[in-house]
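Chemist: Before anything else, here's the structure in question.
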Amino acid sequence: MELYLYLALFSPLVGSLFAGLFGASPRTKIAGVVPSLLLLLSFVSSTVLLIYILSGGEKVHVEMMTWMATGDLYIPFGFVVDQVSVTMMMVVTLVSTVVHFYSIGYMDHDKGFNRFFSYLSAFVFSMMILIMSDNFAGLFIGWEGVGLCSWLLIGFWYHKESATWAANEAFIMNRIADLGMLIGIFLVYWNTGSLQYDHVFATVGALDKEVLTWMGIFLFIGAMGKSAQFPLHTWLADAMEGPTPVSALIHAATMVTAGVYLVVRANPLYDLIPNVGLFIASLGAFVALFAASMALVNRDMKRIIAYSTLSQLGYMFVAAGLGAYWVALFHLMAHAFFKALLFLGAGNVMHAMHNELDPFKMGGLRKVMKGTFIMMTLASVALAGIYPFAGFFSKDLILEVGFVEHHYIIYTVLLFTAGLTAFYSFRLVALIFHGEERYKLFGIHPHEAYKFMLVAMSPLLLLAIIAGSFKMTYFEMVTAVLPATEYHVHSTIAYWIMTIGTQLFVILAIAFAYKKYANNKVKVPDGTSKMENRLCYKILSNQYYIPYIYEEYLVKPYRELSTVFWKQVDMKVVDATVDGIAGIIYAGGEKTRVMQSGNLSTMLKWMVAGTIGLLSFAVVFGLAVRYSGEIKTILSGLGV
Amino acid sequence: MFEAIAFYLFAFLTTVMFFIAVTTTQALHALTALAAGMIFISAFFFILGADFLGAIQIVVYSGAVMALYAFGMMFFDTTRDVKEKNGNKYIVFGLSILAAVLVVVIFAAPMVTNNIVALHPMIEGAGNTQELGMVLFTKYLVPFEVAAVMLLVAMVSGIVLAGKKMDLSLTLMSDAEIIDAKKEQHKKVL
Amino acid sequence: MEIGLNHYLVLSTLLFAIGLIGVMRRKNLLLLFFATEILLNSVNIAFAAISHYYGDLTGQLFVFFVIAIAASEVAVGLGLLIVWHKRHGNIDLDHMSTMKG
Amino acid sequence: MLNHILSILIFFPALAAMLGFIIHKDSIRAYGVAIAAIEFSLSLWLWFSFDSSASGMQFMEHLPLVPAFGINYILGVDGISLFIIILASFFTMIGIASLTDTKNEKNMIVTLLFLQMTMAGVFAALDGIVFYIFWELSLVPMLYIIGAWGGPLRIYASVKFFLYTFAGSLVMLVGMLFVAYFYYQATGTWSFAILDWYRLILPESFQLWLFAAFFIGFAIKVPMFPFHTWLPYAHGQAPTIGSVILAAILLKMGTYAFIRFSLPMFPDASVFFMFPIAVLAIIMVIYTAMVAYAQEDVKQVVAYSSVSHMGIIILGTFALNVEGITGSIFLMIAHGVVSGALFLLVGVIYDRRHTKMMNEFGGLAHVMPRYATIFGLMLMASVGMPLTINFVGEFLSLLGFYKQSHILTLLAGTAIIVGAIYMLAAYKKMFFGEVTNEKNKNLPDVSKRELLALIPLSIITIWLGIYPKPILAPINNSVESIVQLMHDKSITNEAKTRIPNLVKGAEIAKTSEQGAH
């Protein structure tokens, strides 16, 4: 099994290096095909591992080599495949294989084609390290690695100012969270003496509650950055500047879920600190609602999906925070499938619309893009959580968790958010595919994407539809390592009322969205309509003014403070002090130069004065030696 | 008693002479007073039993040095009053007295009076000159020779420095020649 | 009225002070030399007295060397003085300011 | 020959430099590269014959200079100094190899070889006076490099550099003399041997003063806030090769000396001053990172980033445990590699455009993709990306200091944020966006000669990031002996608790002391 582990782990790296070799040369198909095939290999290996684990195999644990060893610290490159990581491996390799093949078509005309595949495969490699590592340091390698690749990929079109800005923002914001993560790792090390998961989680129970709480908080801060939880969420929407396959892979399916993975992975820790868990759940619920509300009015197709991702991440954190780790992981998996599908569909639309992102400028595309239309609709249905699609099984389960755990506020918030989710998803679908063909106003001639791109997307479609049916298999597998709590509403009637009520609510929201946006009266908004001038619309469309606040109250002051530090403090205080000291000596020389008047008589007087000075020294020191005992007593009396 | 009287007498005389030497406006007076002071100082040497030094003091200082000064003064216009335009007398006197007081304090400090062991104790029954000679030509032979060489060098340099154009004798020259020589000298200087 | 070392030292100090006064107030270089001679002599007295009272000949030897040095100093100094006088026509200290910094 | 390899390492380049004067101008470059390559291979040989399982000094040489005052020519290396010596010879080699159109090339190469002598001397010396001599001598070639080949303000910069560091080291010299005097008082014999000094147990009050005296000398060299202002001038005016050597090696003298002198000699004072120094280090990290962000000149960004990273090194040093000190030594090497590479990279663009202002550039990634890639790699190393060399050092340093103070480590950890901010901002200004300046349109990408210097550095950056063990293990052994020595020597209870006791290391510490004789 170790062979498969290494295959799964390193074939993306090989792919990345292979594509990297062509980095500077002009576009060659092979630079895209080879990494994709290698990823397929990785996927197959992961599948083999999954089957092995499913058939009751022991977890695969290898230690490749020592990384750092000093003092008591010992960090190896160790990898583990257990029920949790194999789930993640499946998700990552599957989605990335699909995205790779899709990208061969999508990036067809881009001159950075080779570079793109190099970055993308490097990302997959980092992600694999993140999920397969058997210790926190290895996790951190992957954690930073995906951050780096995300920076490279968001800023892929580096000639665009907005892209590079977004890349830097994402990187720096992640870094803020990574600091929390790092501190969490330090805490773990100094309290348990190791960073290996096995050892840490075995000893964590014996620790002080306060220490555990801090540990949990700092690790979660790390998770907040990667998973773009409030208040570190702004980067995710801006990250949509990157190529769409990147958004599908990194900013929907895999990287952003790393935070959830971390919490799930550290479940023995979080089990011991339910308070932190509750905080995580509350934050998750808040983010779910918060992000969904922003998605309601946004006019950027990709941003809408990004906010939806954010919202779904909130769901996952609710589950993870409430101790339903397997539910969180399950939703993570299901979400990865339909959200990646949604993004790839959006990529097709963008291609067709020549990179137009405003859905109000589209409309009626279902006639020309049948395949994409079906896929996006089904993905949206899955996202909305309609039976029997994947979302129903995973998302409704989270609602149930909230209900069963008696956190009714969270439950209500999530339920409401489910309605919002359905609304904005179908608002998008309606605006893009139904109604009048508004794109004609802009002189665009849309066309369907390459066939093989649609074929590449089909596995995702299939999974988005049927993933729910794996629920029990999955449950049995993963609960070998995660707490096996089943969440059932006790009374059957209440269960049915809840389920049907939710379904009805969601369907109503969908119907409302269709009614409002799928007709021919929809016009391209020009800022004059009544709704656009409402306060709440403005707040929502400006993302609660949070980016603005960050820009005004964090970024600008930082920039100005930096300039002040440089120009005022460093140049005018610190350096000036040093120069001042030198200046004093120099000026002293200039002043005392007058003493050297050249007049011998004056100089002789100075000589006498100098003699007197020396003689006085002799007297003073003589006296000091003579009376040293007395001086010491006086000084000690003064407390010197 | 005799020693005390002699000490105070000569102390008074030297002080006065030296004081005249530094304050008078007449160069000749100063020279005379200095020479007298030197001779009086030799008296201290005799009182202290350092006969050899006393003799040297008279010979070298009062004789050679003073003679040199007297010669030197012949070059300069000594009849004229010496102008002393000192800005602040208080500084001069203040500094000097301060220095004197400090020196006294240092010497009077008890630590100086203790712990001094003679390196070259006086030899009983030998004259002062003999004693000095024995030390000087044994332990201090090299410094002595160096001092001798130094004196020789000083003598040569003194002659070389002062003795340019010594081959011209003013008394043997006619007036015209003297004027020419002076002109030539001025040219050189300029 | 025993005359002790301190008497000599005080005398020596007094003469030293007089010498210093001379050094500081004389503007005529020749008279300045006189003042330095006074300084040297005052120290000589101190040396001789210490030598006497401690029964140590080193002091007297020092005096000897000081006198030798004083003699050479006068020889060289006067030579220089004469050269200077020949060049500038005066030996006034205030005119010697080529060492102005 | 192995018995005298350290002397050979030190004096071979100096002799070669003197011979260099008679070499013809056209062949001086080949000569310099050859000498530096021999020197580098000698240092590699040193490494291969180095016994990395031992913690004490190796290759000791002993030659009396002034026996009456215990001044001896003592040399030796342990895991701490070994790699810095190798790094120094390595940078001399690639520095000479990558020299581009320098006027008076001969003088430059001769100067660099002299500089190599002083650098090897500083890190190999085990006698206070010999150390001091090399320490001061190292100023002279650098002064000459800045003053003769620098920018328009070169005289100001070089004089400032010289006087500032010189003033600091004089205070250090006074401290050294006092330690030797104390040794004389305690034992009746004079000794300037560092290993002898290690055995002195100084009273705490003496330690505090001596620590302060040494601190001033070292802190200016590091340079620590607020003594850092000579560095931007020196870097700003120095030619590329000067900046590279200055950042890669010369700055490390300060931090190395902290570990060699301050910690083992004054353990109690180290504990006493730990928090004030940590606060200074944190100010250094954050403040200079912010200043770096405000810079308009890319070389100044790198210069200030050096100061910022040195803050982490100081912090790791004063963690006073094995993890932290090992990390800080590793970070010295890492920072040497990375900042050296960054200065070389800045030199590459300066050679082409003769400006270092970032607003002159933009969109360079289009024009010079290979350059952008290598710069990106070094940038990521500089911001501490895992699997690059810097991360190992930074991680260990911060990890070590976390044991001492949580809050301060949290503050110092912001280095990874602020570091990312200025580096990414600089990278964005230079490489991203459209090519706006006409002059940049046809810039040639990195040449073969430049790659010769940059590729090895890139390889080291990644190789040691993934597999730091060959370096980490010897460092670890030597550090363990030092930490144990500190623990054994410390007087105050505070120090006893702050400095961990490594029971297994006790034997090693003793043998290293005996090795001194």
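Top line first, the protein sequences correspond to chains V, H, A and G. My numbering puts the first sequence at residues 784 to 1423. My numbering puts the second sequence at residues 1439 to 1628. My numbering puts the third sequence at residues 2 to 102. My numbering puts the fourth sequence at residues 18 to 534. Just so it is clear, CB atoms sit at the ideal spot from N, CA and C, and this is done for glycine as well.
1) Hey, does L1383 of chain V have any beta-carbon neighbour from chain A nearer than 8 Å?
2) Any chance you could list the alpha helix (DSSP H) runs of at least 4 consecutive residues sitting entirely within the segment 331-389 of chain G, in chain order?
3) Under 8 Å between beta-carbons, which chain V residues line up against Y310 of chain G? List them in chain order, please.
4) Strictly under 8 Å for the Cβ-Cβ distance: is L1398 of chain V near chain H by that measure?
5) To the nearest whole angstrom, what separates the beta carbons of I406 of chain G and L481 of chain G, a pair I think is in contact under 8 Å?
6) Using only the alpha-carbon positions, how far apart do T1470 of chain H and N91 of chain A sit?
7) What are the boundary residues of the beta strand (DSSP E) that includes E846 of chain V?
8) What in chain A is Cβ-close to M1512 of chain H, meaning under 7 Å?
9) For P1051 of chain V, which residues of its own chain have a beta-carbon under 8 Å away from its beta-carbon, when the five flanking residues on both sides are left out?
10) Using 8 Å as the limit for Cβ to Cβ distance, is K1388 of chain V near chain A?
11) Does the Cβ-Cβ distance between A429 of chain G and I350 of chain G come in under 8 Å?
12) So, helix, strand or coil for L82 of chain G, using DSSP?
13) Quick one: any contact between the segment 1282-1294 of chain V and the segment 1194-1210 of chain V, if contact means 3 or more CB pairs under 8 Å?
14) Is it buried or exposed, D43 of chain G, if we count other Cβ atoms within 10 angstroms and call 16 or more buried?
15) Report the partner residues of L856 of chain V according to the DSSP bridge assignment.
16) With 8 Å as the limit, tell me which residues of the segment 479-496 of chain G have their beta carbon closer than that to any beta carbon of chain V; keep them in chain order.
17) Skipping 5 residues on each side, what residues in its chain have a beta carbon closer than 7 Å to that of H1230 of chain V?
18) List, in chain order, every chain A residue whose beta-carbon is nearer than 8 Å to that of V1391 of chain V.
19) Less than 8 Å between the beta carbons of W1349 of chain V and Q312 of chain G, yes or no?
20) Answer with buried or exposed for M1439 of chain H, where buried requires no fewer than 16 other C-beta atoms within 10 angstroms of its C-beta.
21) For K28 of chain A, which residues in chain V fall below 8 Å Cβ to Cβ?
22) In its own chain, which residues sit with a C-beta less than 8 Å from the C-beta of N493 of chain G, not counting the 5 before and 5 after it?
23) What span of residues does the beta strand (DSSP E) with G93 of chain G cover, start to end?
24) Just the chain H side, please: which residues come within less than 9 Å of V44 of chain A by C-beta, in chain order?
25) Taking Cβ positions, are V1402 of chain V and V1543 of chain H nearer each other than 8 Å?
26) So, using beta-carbon positions, are V1047 of chain V and Y1108 of chain V closer together than 8 Å?
27) Excluding the five sequence neighbours on either side, which residues of its own chain have a C-beta within less than 8 Å of the C-beta of P281 of chain G, listed in chain order?
28) Name the residue from V:T870, V:I1283 and V:L788 whose alpha carbon lies nearest to the alpha carbon of E846 of chain V.
29) Examine chain H for any beta-carbon lying closer than 8 Å to the beta-carbon of I769 of chain V, and answer yes or no.
30) Just the chain H side, please: which residues come within less than 8 Å of H96 of chain A by C-beta, in chain order?
31) Going by other Cβ atoms of all chains shown within 10 Å of its Cβ, with 16 needed for buried, is V863 of chain V buried or exposed?
32) Just verifying my parser: in three-state terms, what is the DSSP assignment at Q312 of chain G?
33) According to the neighbour-count rule (16 or more other Cβ atoms, all chains shown, within 10 Å of its Cβ), is Y1425 of chain V buried or exposed?
34) Which same chain residues, not among the five before or five after A114 of chain G, have their C-beta less than 8 Å away from its C-beta?
35) Determine, for V1402 of chain V, whether the minimum Cβ-Cβ distance to residues of chain H falls below 8 Å.
36) Using beta-carbon positions only, say whether I262 of chain G and G112 of chain G come within less than 8 Å of one another.
Modeler: To lay it out plainly:
1) yes
2) 339-370 and 381-384
3) Y1341, R1342 and S1345
4) yes
5) I406 of chain G to L481 of chain G, Cβ: 4 Å. Contact.
6) Rounded to the nearest whole angstrom, the CA to CA distance from T1470 of chain H to N91 of chain A is 22 Å.
7) V843 to T853
8) Within chain A, no residue comes near M1512 of chain H; the closest Cβ sits about 10 Å away, beyond 7 Å.
9) F984, V987 and G988
10) yes
11) no
12) strand
13) Between the segment 1282-1294 of chain V and the segment 1194-1210 of chain V there are three or more inter-stretch CB-CB distances shorter than 8 Å, so the stretches are counted as touching.
14) Under a 10 Å Cβ-count criterion, D43 of chain G is classified as exposed, with fewer than 16 other Cβ atoms of the shown protein chains found around its own Cβ.
15) V:T853
16) I483, Y484, P485, K486, L489, A490, I492, N493 and V496
17) Excluding positions up to five away in sequence, the list reads A1135 and V1151.
18) L21, V24 and M25
19) yes
20) Counting of Cβ neighbours within 10 angstroms places M1439 of chain H among the exposed residues, the total staying below 16.
21) S1384
22) So the list reads G96, V339 and T343, once near-sequence residues are dropped.
23) I88 to V94
24) Residues of chain H passing the Cβ test: none, with the nearest at roughly 10 Å.
25) Result yes, Cβ atoms of V1402 of chain V and V1543 of chain H sit closer than 8 Å.
26) A contact, by the Cβ cut-off of 8 Å.
27) Y215, I499, L502, M503 and K506
28) V:L788
29) A query on residue 769 of chain V cannot be resolved here, the shown segment of chain V reaching from 784 to 1423 and no further.
30) Proximity of chain H to H96 of chain A at the Cβ level (cut-off 8 Å) is not reached, the minimal Cβ distance being about 12 Å.
31) buried
32) coil
33) In the structure as shown, chain V begins at 784 and stops at 1423. Residue 1425 of chain V is therefore absent and cannot be evaluated.
34) Result list for A114 of chain G: V50, A53, R466, L469 and A470, in chain order.
35) yes
36) In this structure, the beta-carbon distance from I262 of chain G to G112 of chain G falls below 8 Å.
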